[in-house]
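Protein chains in written order, with the numbering used here: chain A, 1 to 275; chain B, 1001 to 1407.
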């Protein structure tokens, strides 16, 4: 078992290193528009993702459950969700440059995970439910999507500024309009997932504690995040709201996601504070 | 629309206040801890945000606004679902037509994507996912059903909590049954942490065979219309007061944090806590290492006329001598804490949730898609995702070109 723990840590660190180098490589790609560097960055991301998957599988073998129950496990899974969403976007839309804005987020979240205690604790009675996997699994995908959307929004803001300053897009940055729409579509997906997170959490809470909603800080901040993205989607859908303001909204929404994940767990006392 | 956004922002702001300001404390605490804004907190009910009249009014307005908005947009949406309705391409729509396009192949490709095709002079129109038109209304309906269902469910819910020691019976005469606790047990892991809390109960009904059930955290049981949840537990401890000759003067069950006033000596016996696996921390604070009775110990404080006369750490049966009496604790037994609830709102919450998810799927993934093909012109018409849809059709156009080239 000790070997497994050591191997998990080793694969986790290799994945972390690969993500870090790929983030730097993506920046070089955006700055110099060297396709070879871009391809290498994508390859490194995929290699990192494979090692990350191996680390997760080893942890699943060690613990006998999915890694969804403490801050380290969620941060690691959150990174996994971010990288997965990026890889999907890359292969469907060939947006290599998105990596320059998404992989730094993956690097930061993975970095946060790397400083957290990694010890495996058995599931407390309240978490012993199949709802855990659906509730937290959808949260990982949702948070990952919002991270990618924030990266796309940041890329849009930079692309628009460059266009405004008359700088032709000789860099690896894609068309600003494409970034804007992609950001919206990814938010729509993340929003659907976040809705599922809240619903499954409510149904689970009903089974465990008799009430579906208790206004716990985590629940409330999830709702606030949901409201922020609801406003975004309404403005976009009904008012054709797009461009800079929409991009800033996507960034603010993601800040709210990060606060719900890290801030609430560390600052506000909550029944969701699983350290 | 503007009202809806304003209400969203107000609800979010109010909710944030509820997470940063401690909730449900006594009024004096707010006046003491927040001298400058204490009165404001209490007037605006920031001390109980989620049950305040302001929050309820905001939620009420939100629902009214949502219903009004849905009723306003629904007729238009239903009209757009009509087979003959066809959205026009916007003026900025890009012409995707290419000179070497094999239009027949393009049409076949569209057909294979399950578009409904309508021929017209000089071309054709293709459309699909008309159901997406009502996506937002279904989403709104889902939210209304959830909020109203949970509100009415809570309003008419029957809820309660009770503790039981093994052998205790709790009656529910209105429902025609009683519930008896046979045993309450903890399952331990190797490291002595609790794996699960189990309450073994028997349901007793007149003229019927007793029905044995076990409930644990995450596994409630339903008896008639009542749901029973394993939500708490604790230790019940026998307090015994004896005279110098060992004659029992008083016997009482005390839970942790409870006290008993023994009138003859004017002494209050406060059971600070029972620690089954006792340890005294460096700071002098008693804690328990686990719930296993490996080192059972009691922390007790005595008061005489509200004056602390001594604090004691004692083992089971070990007497605390006070004037002419001996005070002791023993026979600590686990009791269970069970919450019961009857709530018809659950059905509506689940129904509303399904509608909400369905509405979002309609809106985001089954949004109406229209392709207008005229002479040397292919344009798309959609409200939801023009860039993405344009991208998809561009790919189809390219596919039709490539196939034509190969032949």
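Here a beta-carbon is modelled for each residue, glycine too, at the ideal position from N, C-alpha and C.
Reducing DSSP to helix, strand and coil, say where residue 274 of chain A ends up. Because residue 274 of chain A sits at a pLDDT of 49, beneath the cut-off of 50, its placement in the model cannot be relied upon, and the following sentence gives the value as read from the coordinates. It is coil, neither helix nor strand.
Beta-carbon contacts of residue 1075 of chain B that lie in its chain and below 7 angstroms, excluding the five residues immediately before and after: Within the same chain, no residue comes within 7 angstroms of residue 1075 of chain B by CB-CB distance, once the 5 residues on both sides are set aside.
Should residue 11 of chain A and residue 75 of chain A be called a contact, given that it needs their Cβ atoms to be closer than 9 angstroms? It is not a contact, given that the beta carbons lie outside the stated cut-off.
Are the C-beta atoms of residue 1219 of chain B and some chain A residue less than 9 angstroms apart? Yes, its Cβ sits closer than 9 angstroms to a Cβ of chain A.
Name, going along the chain, the residues of the segment 20 to 46 of chain A whose beta-carbon falls closer than 7 angstroms to a beta-carbon of chain B. Those would be none; no residue qualifies.
Within a Cβ cutoff of 8 angstroms, which residues of the same chain sit near residue 1004 of chain B, ignoring the five residues on either side of it in sequence? These residues qualify, in order along the chain: 1062, 1065, 1066 and 1069.
Pairwise C-alpha distance: residue 1124 of chain B and residue 1082 of chain B: Roughly 18 angstroms between the two C-alpha positions.
For residue 1331 of chain B, does the count of other Cβ atoms within 10 angstroms reach 16, so buried, or fall short, so exposed? Residue 1331 of chain B is exposed by the Cβ-count criterion.
What are the residues in the segment 111 to 138 of chain A lying within 7 angstroms of chain B by C-beta distance? Taking 7 angstroms as the Cβ-Cβ cut-off against chain B, the residues of the segment 111 to 138 of chain A that qualify are 122, 125, 126, 128 and 129.
To the nearest angstrom, report how far apart residue 1133 of chain B and residue 1115 of chain B are at their CA atoms. Straight-line Cα distance between these residues: approximately 16 angstroms.
Cβ shell of residue 1279 of chain B (< 8 angstroms), same chain only, five flanking positions each side left out: Taken in chain order, the residues that qualify are 1286, 1287, 1288, 1289 and 1295.
At a CB-CB cut-off below 7 angstroms, which residues of chain A make contact with residue 1341 of chain B? Under a criterion of Cβ atoms nearer than 7 angstroms, the residues of chain A adjacent to residue 1341 of chain B are, in order, 210.
Which chain B residues are close to residue 185 of chain A, counting only those with a beta carbon under 7 angstroms from its beta carbon? The contact set of residue 185 of chain A on chain B, defined by CB atoms closer than 7 angstroms, consists of 1385 and 1388 in chain order.
Less than 9 angstroms separating the beta-carbons of residue 1212 of chain B and residue 1203 of chain B? Yes; because the gap between Cβ atoms is below 9 angstroms, this pair is in contact.
DSSP three-state label for residue 1311 of chain B, please. Strand, per DSSP.
Using only CA atoms, which one of B/1163, B/1096 and B/1071 lies nearest to residue 1138 of chain B? Of B/1163, B/1096 and B/1071, the residue nearest in Cα terms is B/1071.
If the criterion is Cβ atoms closer than 9 angstroms, does the pair residue 1017 of chain B and residue 1199 of chain B meet it? Not a contact, by the Cβ cut-off of 9 angstroms.
With DSSP as the reference, label residue 1163 of chain B as helix, strand or coil. Strand.
Could you work out which residues of chain B lie near residue 178 of chain A, taking near to mean beta carbons separated by less than 7 angstroms? Neighbours of residue 178 of chain A on chain B, chain order: 1387.
On the three-state DSSP scale, how would you describe residue 18 of chain A? DSSP places residue 18 of chain A in the helix class (H, G or I) of the three-state scheme.
Could you give the distance in angstroms between the alpha-carbon of residue 1077 of chain B and the alpha-carbon of residue 1117 of chain B? Those two C-alpha atoms are separated by around 21 angstroms.
Cβ of residue 164 of chain A within 9 angstroms of any chain D Cβ: The structure shown contains no chain D; its protein chains are A and B.
Whole-angstrom distance between residue 1141 of chain B and residue 1355 of chain B, CA atom to CA atom: Near 7 angstroms, if we compare the C-alpha coordinates of residue 1141 of chain B and residue 1355 of chain B.
Take every Cβ of the segment 1232 to 1248 of chain B, pair it with every Cβ of the segment 1206 to 1224 of chain B, and state whether three or more of those distances are shorter than 8 angstroms. The answer is no - the segment 1206 to 1224 of chain B does not touch the segment 1232 to 1248 of chain B, with fewer than three Cβ pairs under 8 angstroms.
Helix, strand or coil at residue 210 of chain A according to DSSP, with G and I counted as helix: It is coil, neither helix nor strand.
Under a CB-based cut-off of 9 angstroms, is residue 182 of chain A close to chain B? For residue 182 of chain A, the closest Cβ of chain B is nearer than 9 angstroms.
Per the contact definition of three or more C-beta pairs closer than 8 angstroms, is the segment 1078 to 1098 of chain B in contact with the segment 1360 to 1376 of chain B? Taking a cut-off of 8 angstroms for Cβ pairs, the segment 1360 to 1376 of chain B and the segment 1078 to 1098 of chain B touch, as three or more such pairs fall below it.
Three-state secondary structure (DSSP) of residue 165 of chain A: Judged by DSSP in its simplified three-state form, residue 165 of chain A adopts coil rather than helix or strand.
So, with DSSP's three-state summary, where would you put residue 1296 of chain B? Correct three-state label for residue 1296 of chain B: coil.
Sequence-distant residues of the same chain with beta carbon closer than 8 angstroms to residue 1382 of chain B, five excluded per side: Around residue 1382 of chain B: 1087, 1367, 1368, 1369, 1370 and 1389.
Mind checking the segment 61 to 84 of chain A against chain B and listing, in chain order, the residues whose C-beta falls within less than 7 angstroms of any C-beta there? Taking 7 angstroms as the Cβ-Cβ cut-off against chain B, none of the residues of the segment 61 to 84 of chain A qualify.
May I ask whether a heavy atom of the ligand NAP can be found less than 8 angstroms away from the beta carbon of residue 99 of chain A? Questions concerning the ligand NAP fall outside what the structure shown contains, since it holds no ligand whatsoever.
Close Cβ partners of residue 1406 of chain B (< 7 angstroms) along its chain, the five nearest in sequence each way excluded: Note on residue 1406 of chain B: pLDDT 46, under 50, position unreliable in the model; the coordinate value appears next. Closer than 7 angstroms at the Cβ level, and outside the excluded window around residue 1406 of chain B, lies no residue.
For chain B, is any of its Cβ atoms less than 9 angstroms away from the one on residue 87 of chain A? No, its Cβ sits nowhere closer than 9 angstroms to a Cβ of chain B.
What is the rounded straight-line gap between the Cα of residue 1384 of chain B and the Cα of residue 1095 of chain B? Roughly 19 angstroms between the two C-alpha positions.
To the nearest angstrom, report how far apart residue 973 of chain B and residue 261 of chain A are at their CA atoms. Since the displayed chain B opens at 1001 and closes at 1407, residue 973 of chain B lies outside it and no answer follows.
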